[in-house]
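Participant: Quick one: the structure is below, questions incoming.
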Amino acid sequence: MKNDTTDTKKNTVSEALRLHREAYEKRLRRLHQLEEPITDRAADESEETDRDGEEEALLTNA
Amino acid sequence: MTSQVPVNPLADFETSCQNLVQYRKRPLLVLYYPSGSSMTEMDMGEVYQTFRSSGVTVESRLPGLDVLIDSYGGNPVAGYRLAQLIRDMTLDAAFLVAERAYSAATLLCLAGNEIRLGHYAGLSPIDITLISEPSEGKREEVELATVDGFIEFAKNARKAIEDQLRKMDSDVGTNVDSELLVAMVRSVGALQVGKFFRERNVTGFYAKELLGTYMFSNFSDRIERTDDLVQNLLHGAPSHYFHLDYHLCKNWKVVIEEMCTQESDLAKKVVEEIENATANGVICQKLSRKRRMPFFGFYPYTSTSTIGASTP
């Protein structure tokens, strides 16, 4: 087993911020894709899209 | 001409995380969902990437991990999947709740060897709330607890009317309960009511799996403990909007500890700083008019940490 105190040294907050910004861009792109008209490619991804749609509708939130 | 050193916009947050890491002597995973952000299955890839970028894999699991969670909830499937992902990466997990871990976030915490609550922090029931949030129009929200309460109300109404009729020596019956239930189903929608009960079964199933595998795995009476706690989390609270504090959780036999003042202050400071960073637009930007990004970060423990290593 790797030791967490050595193998994780390279992770810094700037790395967390970089990952966060990447994820933000990715989610934005995904949101825009969902708003585009259906193309052949979009149809291929329809299963995933449907699932996301359901997530919007059914959430447990306090 | 002097070169300008770039300022780390998350420096204060980073320092607060390092202070908590040094106090607990364990690595820290932060899962922060500001208001307007909820747990979804899209989080899976991002949390996985957070581990991987730190060198943590399923083959090189951490011996122990603190997970600081701050969330109002979200999709229970996402809560369960995140819980299993975290447990795939660590042998022991403690969930630190500085302020709140409600609903799906409570479900997530059930995968902990223990939950550590900050002062006046809490969990919530894991019952279902159905939210209809159209892009145009009004947000509508119905709790399953409300449906349950209405069913109970219908039963009690029939009983009260029948008692009254008996006192009056009347032979007339009443079907007030069925009329009330028909009205309720018309209002909520038959398919929605069915969905409520189906989703509650799913949430209960996930909760049992997490409790039996992780939180209660070493208890000889784990089956009874699991059944009792799931029953309480699904049916034991009068409302979905119900704050379960340390005392209520303890009564329900959750493996839970109340943080000492120092630990609670450190954990709350992390949340305060991440809220500041959100308010300043550094992280958790808006994705749409109603939705925000969550933030995930991993902070390793190094005994000779040089980043904000002071113990307060």
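Residue numbers (the working numbering), protein chains in the order written: chain S, 38 to 99; chain Y, 20 to 331.
No residue lacks a Cβ here, since even glycine has one placed at the ideal position from N, Cα and C.
Looking at the structure shown, is threonine 321 of chain Y part of a helix, part of a strand, or coil, going by DSSP?
Facilitator: Correct three-state label for threonine 321 of chain Y: coil.
Participant: If contact means a Cβ-Cβ distance below 7 Å, which residues of the segment 106–137 of chain Y contact chain S?
Facilitator: From the segment 106–137 of chain Y, only Tyr121, Ser122 and Ala123 have a Cβ closer than 7 Å to chain S.
Participant: Which whole-angstrom value describes the C-beta separation of serine 35 of chain Y and valine 289 of chain Y, a residue pair presumed to lie in contact below a C-beta threshold of 8 Å?
Facilitator: Contact holds; Cβ gap of about 5 Å.
Participant: Leaving aside the five residues before and after tyrosine 225 of chain Y along the sequence, list all residues of the same chain whose C-beta is less than 7 Å from its C-beta, in chain order.
Facilitator: Excluding positions up to five away in sequence, the list reads Pro95, Tyr99 and Leu126.
Participant: If we ignore side chains and look at the alpha-carbon of each, how far apart do histidine 69 of chain S and glutamate 294 of chain Y end up?
Facilitator: Between histidine 69 of chain S and glutamate 294 of chain Y, the C-alpha separation is close to 27 Å.
Participant: Consult DSSP for tyrosine 265 of chain Y and reduce its assignment to one of helix, strand or coil.
Facilitator: Residue state, collapsed to three classes: helix.
Participant: Please look up how many angstroms separate the CB atoms of arginine 45 of chain Y and glycine 83 of chain Y, rounded, as I've assumed it's under 8 Å.
Facilitator: Contact flag correct, Cβ pair sits at about 5 Å.
Participant: Contact defined as beta carbons within less than 8 Å: I believe glutamate 133 of chain Y pairs with glutamate 276 of chain Y. What is the distance between those atoms, to the nearest angstrom?
Facilitator: About 6 Å; that satisfies the 8 Å criterion.
Participant: Checking contacts by CB at 7 Å: is glutamate 52 of chain S closer than that to chain Y?
Facilitator: With 7 Å as the cut-off, glutamate 52 of chain S counts as an interface residue toward chain Y.
Participant: Rounded to the nearest angstrom, what separates serine 51 of chain S and glutamine 211 of chain Y at their Cα positions?
Facilitator: When rounded, the distance between both Cα atoms is 44 Å.
Participant: Let me know the alpha helix (DSSP H) ranges lying completely inside the segment 200–236 of chain Y, each 4 residues or longer, listed in chain order.
Facilitator: Whole alpha helix (DSSP H) segments, 4+ residues: 209–229.
Participant: Is the Cβ of glycine 316 of chain Y closer than 7 Å to any Cβ of chain C?
Facilitator: Looking for chain C here will not work: the only protein chains present are S and Y.
Participant: Between glutamate 336 of chain Y and chain S, is there a C-beta pair that is closer than 7 Å?
Facilitator: Limits of chain Y in this structure are 20 at one end and 331 at the other, which puts residue 336 of chain Y out of reach.
Participant: So the alpha helix (DSSP H) tyrosine 51 of chain Y belongs to, where does it begin and stop?
Facilitator: Careful: tyrosine 51 of chain Y lies outside any alpha helix (DSSP H), inside the beta strand (DSSP E) at 47–51.
Participant: With DSSP collapsed to three states, give me the class of proline 74 of chain S.
Facilitator: Residue placement at proline 74 of chain S is poorly supported in this model, since its pLDDT is 49, which falls under 50; the coordinates are not used for a value here.
Participant: Return yes when the Cβ of arginine 58 of chain S is within less than 7 Å of the Cβ of leucine 306 of chain Y, no when it is not.
Facilitator: Their beta carbons are not under 7 Å apart, which means leucine 306 of chain Y does not touch arginine 58 of chain S by this criterion.
Participant: Taking the alpha carbon of histidine 254 of chain Y as the reference point, which residue from Y:Ile105, Y:Asp146, Y:Leu199 and Y:Gly231 has its own alpha carbon closest?
Facilitator: Residue Y:Asp146 is the option with its Cα nearest to histidine 254 of chain Y.
Participant: For the segment 275–307 of chain Y, which residues have a beta carbon sitting closer than 9 Å to at least one beta carbon of chain S?
Facilitator: Those would be Val301, Ile302, Cys303, Gln304, Leu306 and Ser307, in chain order.
Participant: So, is the C-beta of arginine 64 of chain S closer than 7 Å to a C-beta in chain Y?
Facilitator: Yes, arginine 64 of chain S lies at the interface with chain Y (some Cβ there is under 7 Å from its Cβ).
Participant: For glycine 208 of chain Y and arginine 219 of chain Y, I'd like the C-alpha separation in whole angstroms.
Facilitator: Approximately 17 Å between the Cα atoms of the pair.
Participant: Out of Y:Met108, Y:Ser90, Y:Leu50 and Y:Leu101, point me to the one whose CA is closest to glutamate 78 of chain Y's CA.
Facilitator: Nearest C-alpha to glutamate 78 of chain Y: Y:Met108.
Participant: Return yes when the Cβ of glycine 137 of chain Y is within less than 7 Å of the Cβ of methionine 278 of chain Y, no when it is not.
Facilitator: For methionine 278 of chain Y and glycine 137 of chain Y, yes; Cβs fall inside 7 Å.
Participant: Are any of the Cβ atoms in chain S nearer than 7 Å to that of serine 206 of chain Y?
Facilitator: Judged by the 7 Å Cβ criterion, serine 206 of chain Y is not in contact with chain S.
Participant: Quick check on the burial criterion: 16 or more other C-beta atoms within 10 angstroms. Buried or exposed for arginine 66 of chain S?
Facilitator: Under this definition arginine 66 of chain S is an exposed residue.
Participant: Could you work out which residue in Y:Ala179, Y:Lys272, Y:Leu230 and Y:Val301 is closest to cysteine 128 of chain Y when comparing CA atoms only?
Facilitator: Nearest C-alpha to cysteine 128 of chain Y: Y:Leu230.
Participant: For arginine 308 of chain Y, count neighbouring C-beta atoms within 10 Å of its own C-beta (all shown protein chains included) and say buried if the count is 16 or more, exposed if not.
Facilitator: The residue is exposed, with fewer than 16 neighbouring Cβ atoms inside 10 Å.
Participant: Please decide whether serine 56 of chain Y counts as near chain S, where near means a Cβ-Cβ distance under 7 Å.
Facilitator: Not one chain S Cβ lies under 7 Å of serine 56 of chain Y.
Participant: Go through its chain and collect everything with a Cβ distance to glutamate 291 of chain Y's Cβ below 8 Å, but skip five positions before and after it.
Facilitator: Excluding positions up to five away in sequence, the list reads Ser35.
Participant: Mind checking which residues open and close the beta strand (DSSP E) that includes aspartate 85 of chain Y?
Facilitator: Note, aspartate 85 of chain Y: beta strand (DSSP E), 84–89.
Participant: Using DSSP with H/G/I as helix, E/B as strand and the rest coil, what is isoleucine 145 of chain Y?
Facilitator: Reduced to three states, the DSSP call for isoleucine 145 of chain Y is coil.
Participant: Would you kindly report the start and end of the unbroken beta strand (DSSP E) that includes leucine 81 of chain Y?
Facilitator: First-last for leucine 81 of chain Y: undefined, no H or E at that position.
Participant: Output yes or no for whether 7 Å exceeds the beta carbon distance between asparagine 38 of chain Y and leucine 285 of chain Y.
Facilitator: Yes, Cβ-Cβ distance for asparagine 38 of chain Y and leucine 285 of chain Y is below 7 Å.
Participant: Among Y:Ser239, Y:Ser57 and Y:Ser143, which one has its Cα closest to the Cα of tyrosine 260 of chain Y?
Facilitator: For tyrosine 260 of chain Y, the nearest C-alpha among the options comes from Y:Ser143.
Participant: Using CA atoms only, rank isn't needed, just tell me which of Y:Asp89, Y:Val274 and Y:Phe70 is closest to glycine 55 of chain Y.
Facilitator: Of the listed residues, the one whose Cα sits closest to glycine 55 of chain Y is Y:Asp89.
Participant: Go to glutamate 243 of chain Y, then tell me how far its alpha helix (DSSP H) extends in each direction, as first and last residue.
Facilitator: Segment 241–254, the alpha helix (DSSP H) holding glutamate 243 of chain Y.
Participant: What are the partner residues of alanine 130 of chain Y, as DSSP defines its beta bridges?
Facilitator: Its beta-bridge partners do not exist; DSSP assigns none.
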